[in-house]
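K.L.:
For the numbering used here, add 4 to where a residue sits in the sequence shown, where the first one is 1.
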Amino acid sequence: MKIVTVNVPESYLESIKRLIGEGGLYPSRSELIRCAVREF
């Protein structure tokens with residue numbers, strides 16, 4: 005797997021924070037982004 009760096013608006017990061025962690029849909033930010041890229 006390759007490492008990719010991206011810049012995203014602060015508002016995206018706030019939304020991502022709500023989707024990860026305890027009670028979230030994804031276990032980590034990395035997993036959320038992998039899933040989003042797969043679905044793209």
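Every residue, glycine too, gets a C-beta built ideally from N, C-alpha and C.
Source: prediction; values computed, not measured.
State the beta-bridge partners of Ile24 as determined by DSSP.
P.N.:
Taking the sequence shown and counting its residues from 1, the one referred to as residue 24 is at position 20. Paired residues: Tyr30.
K.L.:
Under the three-state reduction of DSSP, which class applies to Ile7: helix, strand or coil?
P.N.:
Counting from one through the sequence shown, the residue named residue 7 turns up at place 3. Coil, per DSSP.
K.L.:
Is it true that the CB of Ile20 sits closer than 7 Å to the CB of Val33?
P.N.:
Residue mapping note: residue 33 aligns to position 29 of the sequence shown, counting from 1. Residue mapping note: residue 20 aligns to position 16 of the sequence shown, counting from 1. Correcting the residue type first, residue 33 is Arg in the shown sequence and not Val. Yes, the pair counts as a contact, with Cβ atoms nearer than the cut-off.
K.L.:
Tell me, to the nearest whole angstrom, how far the beta carbon of Ile24 is from that of Tyr30; I am working on the premise that it is less than 8 Å.
P.N.:
Taking the first residue of the sequence shown as position 1, residue 24 is located at position 20. Taking the first residue of the sequence shown as position 1, residue 30 is located at position 26. Ile24 to Tyr30, Cβ: 5 Å. Contact.
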